[in-house]
Each structure stands twice: as C-alpha cells, then as structure tokens.
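To keep things clear, I will list the structure first and then write my remarks on it.
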Amino acid sequence: MSMSRKFFRVESGHDLFAGLNRGVIAAEGNRWTFEIASEVANKVGGIYTVIRSKAWITTEELGNQFALIGPYKESSARTEVEEMEFPLGSPLQLAVARTRDLGYKVHCGTWLVEGNPQVILFDIGSASWKLDEFKQELWSNTKIGIPQPDIETNDALILGYMVATFLGEFKKAAEELSDTQPKILAHFHEWQAGAGLIAVRTRKIEIATIFTTHATLLGRYLCAGKTDFYNNLPHFNVDEEAGKRQIYHRYCLERAATHLANIVTTVSDVTGLEVEHLLKKKPDVITPNGLNVIKFSALHEFQNLHAMAKDKIHEFVRGHFYGNRILRSLLLPS
Numbered sequence: 255m256s257m258s259r260k261f262f263r264v265e266s267g268h269d270l271f272a273g274l275n276r277g278v279i280a281a282e283g284n285r286w287t288f289e290i291a292s293e294v295a296n297k298v299g300g301i302y303t304v305i306r307s308k309a310w311i312t313t314e315e316l317g318n319q320f321a322l323i324g325p326y327k328e329s330s331a332r333t334e335v336e337e338m339e340f341p342l343g344s345p346l347q348l349a350v351a352r353t354r355d356l357g358y359k360v361h362c363g364t365w366l367v368e369g370n371p372q373v374i375l376f377d378i379g380s381a382s383w384k385l386d387e388f389k390q391e392l393w394s395n396t397k398i399g400i401p402q403p404d405i406e407t408n409d410a411l412i413l414g415y416m417v418a419t420f421l422g423e424f425k426k427a428a429e430e431l432s433d434t435q436p437k438i439l440a441h442f443h444e445w446q447a448g449a450g451l452i453a454v455r456t457r458k459i460e461i462a463t464i465f466t467t468h469a470t471l472l473g474r475y476l477c478a479g480k481t482d483f484y485n486n487l488p489h490f491n492v493d494e495e496a497g498k499r500q501i502y503h504r505y506c507l508e509r510a511a512t513h514l515a516n517i518v519t520t521v522s523d524v525t526g527l528e529v530e531h532l533l534k535k536k537p538d539v540i541t542p543n544g545l546n547v548i549k550f551s552a553l554h555e556f557q558n559l560h561a562m563a564k565d566k567i568h569e570f571v572r573g574h575f576y577g578n579r580i581l582r583s584l585l586l587p588s
C-alpha cells in the first residue's frame with residue numbers, strides 16, 4: 255500500500271487544529287457526518303473506547319454537523335446521556351420526527367463525555383415487529399439469511415435498518431431545508447453496524463459510506479484456535495472456516511459491508527492483511543489508532559503543578575516546627 259493511502263505522520267510544524275471551527279465550515283457547505291456503532295454510549299468492549307476517545311476532536315471540527323448513532327440501552331443511557339430534542343426546524347429534528355412517525359422509538363441528546371457530541375439512539379425493541387420484513391429484504395438483496403436463535407445478529411439487523419431509515423429521512427430533510435445539496439457521510443464500525451451500511455446501499459440512499467473493521471470477525475475466531483494464523487492467512491477456506499464456527503451469516507454481513515462501502519478502513523497493516531485475505535478486499539486507507547497528545551500534555555502539566563503545590567505544603571509544615579523564617583518566605587510576597 256502506497257504512503258499516499260495511509261494516515262501518515264505529519265511534521266510537528268503543521269497546524270493540526272486550523273480546521274477546528276465547531277462546524278462553521280461544514281455548515282456552510284451543508285456537510286453532515288454520522289458515526290454508527292453498537293457501542294455508542296453503551297460500554298461492551300474496546301470500540302466504546304475508540305468512539306469515546308475521538309469524540310472531542312471530531313466535535314471540535316464538525317460541531318452540530320456531527321452525530322453519533324447507536325442502540326438505546328437504558329441502563330447505560332440514563333447515566334451517560336442527557337436527553338434533549340434537536341432544535342425545531344433543523345434537519346436532525348425533522349428526520350427524528352419522521353422516523354418516530356413510523357413507530358420507532360428514538361432518543362436523542364448529548365453524550366456526557368469529553369466534547370459532548372450529539373447522539374441519536376434507537377430503541378431496537380420498538381422495531382422488533384419488523385424483524386421478519388428486514389430479514390426478507392436482506393435476503394432478497396444479498397441472499398444472506400439470518401438464523402432465528404441468533405439474538406445479537408437479529409438486534410444488529412433491526413438497528414441497521416432503523417439507521418438506514420433515519421438516514422434516508424435525514425437526506426430528504428436536509429435537501430428540503432437548504433438550497434445547497436447536502437453532503438452526507440455515514441461511518442460504520444464493525445460487523446454489528448454493517449447491516450445498516452448494507453441497507454443504505456441496497457436502498458440506494460445516495461450518501462457516502464465508510465466501513466471500519468478494527469479486527470475481522472473470522473480473524474478473532476481463528477486466532478483463538480491453534481491455526482498458526484498469520485502464516486496460513488492466504489490459505490484459509492474462509493467459507494468453510496466461518497461455517498465450522500457457526501458464524502457464516504455474521505461473516506457474510508461483514509464481507510458484504512466491506513464490499514458495498516465506498517471506503518474501507520482498518521487500524522493497522524496487520525489487520526489490513528486480514529481484511530485482504532479473509533474479506534477479500536484490500537483496505538482503501540489504514541487509519542492507526544492514536545493518542546490524544548493534548549490530553550496527555552495537559553495531564554503532565556497538572557502533575558507538575560501538583561508536585562509544586564505539594565512541596566509548598568511540606569515547606570509550610572516544616573516552618574511550623576523550625577521557626578517563622580520559613581513561614582514568612584512562604585506567606586509573604588518576595
């Protein structure tokens with residue numbers, strides 16, 4: 255993969271924060287970004303940390319032109335989300351209202367993490383009555399069948415089609431409320447969100463899509479077994495291996511999302527090889543996980559101030575025992 259296709263290190267002299275305008279430029283161009291994952295305001299595994307840790311920088315750049323989308327889980331949402339409605343007459347408010355008119359329960363507000371990004375959370379139970387219809391639509395368009403007992407995949411399917419419905423309504427609302435043609439990007443994380451991407455593309459909703467896999471589903475299973483995974487990576491019969499582990503339908507969702515997305519990304523060259531050999535598509539871009547350098551710099555500064563204050567306290571206590579000279583030097587300005 256050429257360097258131009260990677261998220262490479264820039265020189266320290268570059269101004270990385272010139273574009274952080276809280277969505278002013280994005281609003282002028284009617285640009286909107288949605289990030290979809292099953293762990294938005296819902297801690298299950300590592301994706302929660304990935305989404306949460308970059309919420310601040312994304313909100314600093316895109317402001318209210320950005321929203322995170324995920325499933326509504328009451329146990330976590332009641333402590334992590336401040337519910338509030340979007341401004342009346344905005345594309346987000348109109349799209350949420352139209353989605354609710356279809357009988358779907360939608361919760362919106364802000365996620366109480368650094369950056370306070372907007373969130374839109376879908377109550378999967380409110381659309382469970384349409385599960386068979388969603389399965390039929392998926393089968394008609396992709397020939398992927400979902401077994402009834404797989405509750406996690408059923409939930410992912412319901413969420414995906416609810417998200418696709420919302421994005422379709424949002425596109426129409428954004429077109430109605432502006433003379434500028436909206437530019438909408440939907441970024442889907444992991445196979446659990448992949449059904450939404452599949453629905454967007456098969457319904458021909460004209461928005462840009464990104465699919466990111468942080469580690470392939472089949473790769474996780476193969477690594478857990480004694481398969482000498484990386485040496486045998488080019489030689490696995492992927493259909494057979496997924497079938498043996500009873501995850502063939504999940505694997506098919508992940509693979510379909512990979513091939514239908516406009517852009518496919520993954521987080522390292524190693525996982526890039528997994529995507530290429532197991533999902534049969536070379537990633538378009540490698541986007542390594544990173545650190546919030548500003549956050550850690552601020553922490554270092556705080557630690558220095560803490561140490562200085564601690565030294566002053568120690569000197570003050572010593573002055574109590576060794577005389578007034580030390581106390582005067584601490585309390586009186588020099």
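Here the sequence shown is numbered in the numbering used here, starting from 255 and rising by one per residue. Every residue, glycine too, gets a C-beta built ideally from N, C-alpha and C.
Run through DSSP, which three-state label would residue i get?
| i | result |
| --- | --- |
| glutamine 372 | strand |
| leucine 342 | coil |
| glutamine 468 | The question names glutamine, but residue 468 is histidine in the sequence shown. It is coil, neither helix nor strand. |
| glutamate 429 | helix |
| glycine 363 | strand |
| valine 350 | helix |
| valine 454 | helix |
| valine 335 | strand |
| alanine 552 | In this prediction, alanine 552 scores a pLDDT of 49, lower than 50, which makes its location untrustworthy; the coordinate-derived value is nonetheless stated afterwards. If DSSP states are grouped into helix, strand and coil, alanine 552 belongs with the helices. |
| valine 304 | helix |
| phenylalanine 420 | helix |
| threonine 313 | helix |
| isoleucine 400 | coil |
| phenylalanine 442 | strand |
| alanine 462 | strand |
| asparagine 558 | helix |
| serine 258 | No answer about serine 258 holds up, because its pLDDT of 37 lies below 50 and its placement is not dependable. |
| valine 278 | helix |
| aspartate 355 | helix |
| lysine 480 | coil |
| valine 298 | coil |
| glycine 544 | coil |
| aspartate 377 | coil |
Does the distance from the CB of residue i to the CB of residue j come in under 8 Å?
| i | j | result |
| --- | --- | --- |
| isoleucine 438 | isoleucine 374 | no |
| serine 380 | glycine 357 | yes |
| isoleucine 305 | glutamate 315 | no |
| alanine 418 | proline 371 | no |
| asparagine 275 | serine 432 | no |
| alanine 295 | glutamine 319 | no |
| alanine 515 | isoleucine 398 | no |
| threonine 407 | histidine 503 | yes |
| alanine 427 | alanine 321 | no |
| arginine 457 | glycine 414 | no |
| methionine 338 | glycine 363 | yes |
| serine 329 | lysine 297 | no |
| glutamate 508 | tryptophan 445 | yes |
| phenylalanine 420 | threonine 353 | yes |
| arginine 447 | leucine 411 | Arginine is not the amino acid found at residue 447; the sequence shown has alanine there. Result no, Cβ atoms of alanine 447 and leucine 411 do not sit closer than 8 Å. |
In the DSSP assignment, the alpha helix (DSSP H) including residue i goes from what residue to what residue?
| i | result |
| --- | --- |
| glycine 526 | 523–532 |
| lysine 498 | 492–498 |
| alanine 510 | 502–514 |
| asparagine 485 | 483–486 |
Among all the DSSP beta bridges, which residues are the ones paired with residue i?
| i | result |
| --- | --- |
| arginine 285 | Lys437 |
| valine 539 | Thr519 |
| isoleucine 412 | Answer is none; isoleucine 412 lacks a bridge partner. |
| isoleucine 290 | Ile323, Phe442 |
Tell me which residue opens and which closes the beta strand (DSSP E) that residue i is part of.
| i | result |
| --- | --- |
| threonine 396 | Note, threonine 396: premise wrong, no beta strand (DSSP E); alpha helix (DSSP H) at 385–396. |
| leucine 322 | 320–325 |
Under the assumption that residue i contacts residue j (Cβ atoms under 8 Å), give the Cβ distance between them as a whole number of angstroms.
| i | j | result |
| --- | --- | --- |
| threonine 512 | leucine 533 | 5 Å |
| lysine 389 | isoleucine 400 | 5 Å |
| threonine 470 | valine 521 | Their Cβ separation, rounded to whole angstroms, is 11 Å, which puts threonine 470 and valine 521 out of contact at 8 Å. |
| histidine 443 | threonine 466 | 5 Å |
| alanine 440 | leucine 472 | Incorrect: roughly 24 Å between the Cβ atoms, too far for contact. |
| valine 492 | isoleucine 517 | Not quite, the Cβ-Cβ distance comes to about 22 Å (not below 8 Å), so this is no contact. |
| threonine 463 | leucine 451 | 5 Å |
| threonine 541 | threonine 519 | 5 Å |
Say whether chain B places a C-beta atom closer than 8 Å to the C-beta of residue i.
| i | result |
| --- | --- |
| lysine 359 | Looking for chain B here will not work: only one protein chain is present. |
Return yes when at least one heavy atom of the ligand ZN lies under 7 Å from the C-beta of residue i, else no.
| i | result |
| --- | --- |
| aspartate 404 | Looking at this structure, you won't find the ligand ZN or any other ligand, since it has none at all. |
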